[in-house]
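Student: The structure under discussion is supplied below as C-alpha cells; questions concerning it will follow.
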Amino acid sequence: MTAKLIDGTLLSQTMRADIATRAAQLTAQGKQPGLAVILVGEDPASHVYVRNKIKACGDTGIRSVLEKYDADLSEAALLARIDALNQDPTIHGILVQMPLPKHIDPQKVIAAISTAKDVDGYSVLSAGELMTGLPGFRPCTPWGCMKLIETTGVSLRGKHAVVIGRSNTVGKPMALLLLQANATVTVCHSATPDLAHHTRQADVVVAAVGRRNTLTADMVKPGAIVIDVGMNRDDNGKLCGDVDFAGIKEVAGHITPVPGGVGPMTITMLLANTIESAEKTV
Ligand code: NAP
595 MTAKLIDGTL
605 LSQTMRADIA
615 TRAAQLTAQG
625 KQPGLAVILV
635 GEDPASHVYV
645 RNKIKACGDT
655 GIRSVLEKYD
665 ADLSEAALLA
675 RIDALNQDPT
685 IHGILVQMPL
695 PKHIDPQKVI
705 AAISTAKDVD
715 GYSVLSAGEL
725 MTGLPGFRPC
735 TPWGCMKLIE
745 TTGVSLRGKH
755 AVVIGRSNTV
765 GKPMALLLLQ
775 ANATVTVCHS
785 ATPDLAHHTR
795 QADVVVAAVG
805 RRNTLTADMV
815 KPGAIVIDVG
825 MNRDDNGKLC
835 GDVDFAGIKE
845 VAGHITPVPG
855 GVGPMTITML
865 LANTIESAEK
875 TV
C-alpha cells in the first residue's frame, strides 16, 4: 500500500485564504484583528518562530504588535505589559513566546493572559475548557492535527487512537481532542514498556516525541492514519519527524510529511484562533 499524503501546506493555504477574507471583513468594519507577540531575550530559535508568526499575520491582514524585551526584563514588568494588553480593545490575541528567561515563572505569565485572548490555548483555564468540553481556544499544534485528520474524510468515532507523548502543549491536549471526537484513546510516553504493542492496534497514531524513528513500519497497522508532530534533524542536518516516513508510507493509509505536514498548521491555527477572538468582539 502507498499511503495518501496529508498535505499540511495545502490545507494551510486554504485556511489562510479564508482567514484573510475574514480579516478583511473585520478591517472594513474598523475592527482589524490584532495579535500581540511578546519576545523576551535572545533565544535564536524563538526569534525565528516569532518572525514566522509576524509574517503570517502580515500575509493574512492581521495586525501584529511585536514587543521585544531584553533578557533582564523583570517578571513584574512583563505581567504589567500583559495586563495592559488584556485591556487593549485593538488586541484580540496575546502570545508570549516560550521559553522565558529563568527568573520569570512561565505559569504565572500564561495565567496573566485573559482567557478571551489566550490564542495559544496554553492557560490552565483554556486547558480546563478543553478538558470539560467547553468552548475555548485549543492549543494550536494538536488543533492543527485534528484539522489534518479531518481532511482524510475518516470519522474518528469508535476508532482507536494512540498518542505518543504527553506534553501539556501537544500530547495531552491531542488526546483530549481525539477523545472529544469519540475515538478510544491510548496515551504512551517514555515509561510505556511496549510501544509497538499499542501502536499496532491503532487506527490513528499521533507521534509527538522529539526523537526520530520512534515509529517504524513494523509498528503500524495497515491503513492507519499517521500524524507526525516531531521536528528533528537527521544525520545530514535535514529536518525530519518522529516517524520513519519512507517505511511507513508503504503500510499506512494516510500520512503527514515532515516538512509540510503539521508544521505549517501550527501558525495557521494561531491565526484562526486570533480571527475567532476578533469576531467575538464584533
Ligand atoms: P516534550 O515536551 O519533550 O514531550 C515529549 C514526549 O515524548 C514526552 O511526553 C515523553 O515522555 C515522550 N517520549 C520521550 N521518549 C519516548 C519514547 N521513547 N517512547 C514514547 N514516548 C516518549 O515535546 P513536545 O513539546 O510535546 O514536542 C514533541 C515533538 O514535537 C518535538 O520534536 C517538537 O519539536 C515537535 N513539535 C512540533 C511542532 C510543530 O509545529 N510541528 C509544535 C510543537 C512541537 P515523558 O513524559 O515520559 O517524558
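If you count the sequence shown from 1, position 142 lands on 736 in my numbering, and the numbers rise without skipping.
Virtual Cβ for every residue (Gly too), placed ideally from N, Cα, C.
Source: prediction; values computed, not measured.
1) Would you call Asp714 buried or exposed, if buried means 16 or more other Cβ atoms sit within 10 Å of its Cβ?
2) In whole angstroms, what is the alpha-carbon distance linking Gly847 and Val800?
3) Any heavy atom of the ligand NAP closer than 6 Å to the beta-carbon of Gly652?
4) Consult DSSP for Ser871 and reduce its assignment to one of helix, strand or coil.
5) If you draw a straight line from the alpha carbon of Cys834 to that of Pro733, how long is it in whole angstroms?
6) Return yes when the Cβ of Gly687 is within less than 7 Å of the Cβ of Lys711, no when it is not.
7) Put Ala665 into one of helix, strand or coil per three-state DSSP.
8) Enumerate, from N- to C-terminal direction, the unbroken beta strand (DSSP E) stretches of 3 or more residues contained entirely within the stretch 692-776.
9) Taking the C-alpha atoms as reference points, what is the distance between Asn830 and Leu620?
10) Taking 6 Å as the cut-off, is the CB of Ala941 close to at least one heavy atom of the ligand NAP?
11) Within the continuous beta strand (DSSP E) that includes Ala630, where are the two ends?
12) If you count every other CB in all the chains shown that lies within 10 Å of the CB of Asp828, and 16 or more means buried, which is it?
13) Give me the Cα-Cα distance between Thr810 and Met863, rounded to the nearest whole angstrom.
14) Report yes if the C-beta distance between Leu629 and Ser668 is below 7 Å; otherwise report no.
15) Can you give the Cα-Cα distance for Ala721 and Leu865, rounded to whole angstroms?
16) Along the chain, where does the beta strand (DSSP E) that runs through Gly687 open and close?
17) Given Ala790, which residues of its chain have a CB within under 6 Å of its CB, disregarding the five upstream and five downstream residues?
18) Quick one: is the Cβ of Thr603 within less than 6 Å of any heavy atom of the ligand NAP?
19) Give every residue of the same chain whose Cβ lies closer than 7 Å to the Cβ of Ser640, excluding the five residues on either side of it in the sequence, and list them in chain order.
20) Using beta-carbon positions only, say whether Val631 and Leu689 come within less than 7 Å of one another.
21) Helix, strand or coil: how does DSSP classify Thr603 here?
22) Report buried or exposed for Ala755, applying the criterion of at least 16 other Cβ atoms within 10 angstroms of its Cβ.
23) Let me check you understand the geometry: is the CB of Ser784 closer than 6 Å to at least one non-hydrogen atom of the ligand NAP?
24) Exposed or buried, Leu728, counting other C-beta atoms within 10 Å across all chains shown (16 or more means buried)?
25) For Cys782, which of Met768, Thr875 and Ala706 has the nearest alpha-carbon?
26) Quick one, are the C-beta atoms of Ile676 and Thr746 less than 7 Å apart?
27) With a cut-off of 8 Å on the beta carbons, I'd call Arg562 and Asp838 a contact; round off their distance for me.
28) Leaving aside the five residues before and after Thr883 along the sequence, list all residues of the same chain whose C-beta is less than 6 Å from its C-beta, in chain order.
Tutor: This is what the structure gives:
1) buried
2) 14 Å
3) no
4) helix
5) 22 Å
6) yes
7) coil
8) 754-758
9) 46 Å
10) Look at the range of the chain in this structure, 595 to 876, and you will see that residue 941 is not part of it.
11) Gly628 to Val634
12) exposed
13) 28 Å
14) no
15) 19 Å
16) Gly687 to Val690
17) Met813
18) no
19) Leu633 and Gln691
20) yes
21) helix
22) buried
23) yes
24) exposed
25) Met768
26) no
27) Past the boundaries of the shown model lies residue 562; the chain is included only from 595 to 876, so the question cannot be answered.
28) This structure gives no information on residue 883, because the portion of the chain shown stretches from 595 to 876.
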